[in-house]
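Here my numbering is used: position 127 in the sequence shown is 178, and no number is missing along the way.
The C-beta atom is built at its ideal place from N, Cα and C for all residues, glycine as well.
Step one of this worksheet: look at the structure below.
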Amino acid sequence: MLAIWITAGIGVLIGFISFTRKSKVEFKNRHVLLALCSTGLSHGPWVHGQCIAQLLNKQLVTGGSEGIGLSVAIRLAKKGANISLLSRTDAKLKAAAATLRANMEESQRVTTVACDISASYQKVKDAIDQACSELGPVDALINCAGTSVASAFENTAVEDFERLMRLNYHGSVFATRAVIDGMKSRRSGTIVFTSSQAGQIGLYGYTAYSASKFALRGLAECLRMEVKPYGVNVSIAFPPDTDTPGYKEEIERGVPEETLIISKSSGLYTSDFVADNILKGITNGDFFIPVGFEGNVLTIITAGMAPAASVIDGIIQIILLPILRISAFFYQFQFGRIVSQCMKKKNLGQNKRD
């Protein structure tokens with residue numbers, strides 16, 4: 052209970068800081084590219100910079116045909132952006148485009164390109180070049196494409212490890228590599244990676260998924276250091292479990308009991324709520340974009356050597372980290388107990404069958 056009361060008090064302070072921060076990026080008339088193949092699976096138990104880009108007019112979103120990606124795209128459309136959507140399924144892209152047009156002014160434009168961003172760099176580059184031929188250079192790339200597999204390590208096929216790394220990690224690398232040279236030459240641009248709370252803390256059942264999402268953080272930290280002198284901003288979002296078609300599909304495929312119980316501790320968020328938080332982080336120019344109270348706490352605990360949003364935020368992290376580390380011990384104990392209880396339950400069932 053002590054850990055819960057401590058973290059609750061801290062949440063008020065975090066919320067106040069987030070509320071008082073001013074927006075640094077606009078979206079009207081910018082080209083935003085969304086690479087969408089998003090499952091909305093983020094899985095978790097539970098800022099920086101100068102004005103980077105005027106996102107109104109040029110866009111690219113990977114994985115934007117449904118889930119978090121589509122919710123982000125709708126909000127960008129309402130802010131005046133021109134939007135490109137990349138995703139694998141043409142039918143879903145057409146439906147997403149119709150939804151976006153219903154939220155746009157007549158002067159705004161949306162284009163879609165069917166592309167499996169995990170296929171190869173050249174195919175992704177060709178798809179992005181096609182989008183740029185219609186809407187011009189990309190001002191903002193939002194990488195939302197991703198998928199998940201939930202199973203114990205020994206029950207996870209080697210092919211699943213390769214597939215998740217290919218889509219969740221390499222897909223973002225391919226799309227980013229295709230736009231980064233242009234952003235550097237124009238000395239402006241925004242790159243957003245979508246990781247997960249499972250990309251901040253390892254959880255039972257996500258050996259394949261967490262590994263691919265942890266990799267995105269390393270990529271984002273390195274890339275930010277390389278492109279910041281060119282006026283290009285890099286952000287990484289850490290959504291929790293999100294109620295999307297992909298999340299429902301994963302539940303239907305089956306999730307280990309341990310994973311399900313642990314994940315329930317952070318609740319299930321709507322894609323609209325997650326998208327609002329991501330867009331706020333982008334407009335603020337934040338490097339880390341957490342979602343919800345647990346997300347903010349987890350981001351402080353796992354800050355490491357990552358850049359702080361501001362000097363004040365850095366000081367807050369220094370003050371709160373020792374306290375939050377205590378609460379982390381409490382949560383790890385709880386997770387360990389859940390795993391032990393599930394093991395006893397399995398052993399009991401096995402003994403009865405024997």
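In the DSSP assignment, N219 forms no beta bridge with any residue. In the structure shown, N206 falls within a helical segment according to DSSP collapsed to helix, strand and coil.
Runs of the beta strand (DSSP E) spanning 3 or more residues and lying entirely within the region 264 to 309 occur at 283 to 289, in chain order. Rounded to whole angstroms, C166 and R139 show a C-alpha spacing of 5 angstroms.
Under the three-state reduction of DSSP output, G240 falls in the strand class.
Under the three-state reduction of DSSP, T113 is assigned to strand. Annotation: N194 to M394 spans about 37 angstroms, alpha carbon to alpha carbon.
Burial check for D180: the Cβ neighbour count within 10 Å stays below 16, so the residue is exposed. Annotation: the continuous alpha helix (DSSP H) that includes S184 extends over 172 to 186.
The C-beta distance from A196 to L218 rounds to 6 angstroms, short enough to meet the 8 angstroms contact threshold. Residue nearest to V243 within the set I252, V230, G253, Y255 is V230 (criterion: CA-CA distance). Bridge pairing for P341: F289 [DSSP]. In its chain, beyond the 5 residues on either side, P307, E309, T310, I313, V390 have a beta carbon closer than 7 angstroms to the beta carbon of Y255. Taking the CA atoms as reference points, I366 sits about 43 angstroms from T163.
Checking the DSSP bridge columns, you'll see S135 partnered with L84, T162.
Under the DSSP assignment, V123 falls in the alpha helix (DSSP H) whose first and last residues are 118 to 129.
Look at Y320 here: in three-state DSSP terms it is strand. Taking the Cα positions, K331 is about 24 angstroms away from I370.
Shown here, Y255 sits in coil according to DSSP, grouped into three states, outside any helix or strand. With a threshold of 16 other beta carbon atoms within 10 Å, E205 falls short and is exposed.
For T150, the enclosing alpha helix (DSSP H) stretches over residues 141 to 152. Rounded to the nearest whole angstrom, the CA to CA distance from F338 to G250 is 15 angstroms. Approximately 5 angstroms separates the beta-carbon atoms of I352 and L375; this is inside 8 angstroms, confirming the contact.
When only Cα atoms are considered, A142 and G343 end up about 32 angstroms apart. In this structure T207 touches T258 by the C-beta definition: roughly 6 angstroms separates them, less than 8 angstroms. Straight through space, the alpha carbons of R126 and E156 are spaced by roughly 13 angstroms. One thing to note: I333 has its Cβ within 8 angstroms of the Cβ of S286. By the Cβ-count criterion, G120 is buried, with 16 or more other Cβ atoms from all chains shown falling within 10 Å of its own Cβ.
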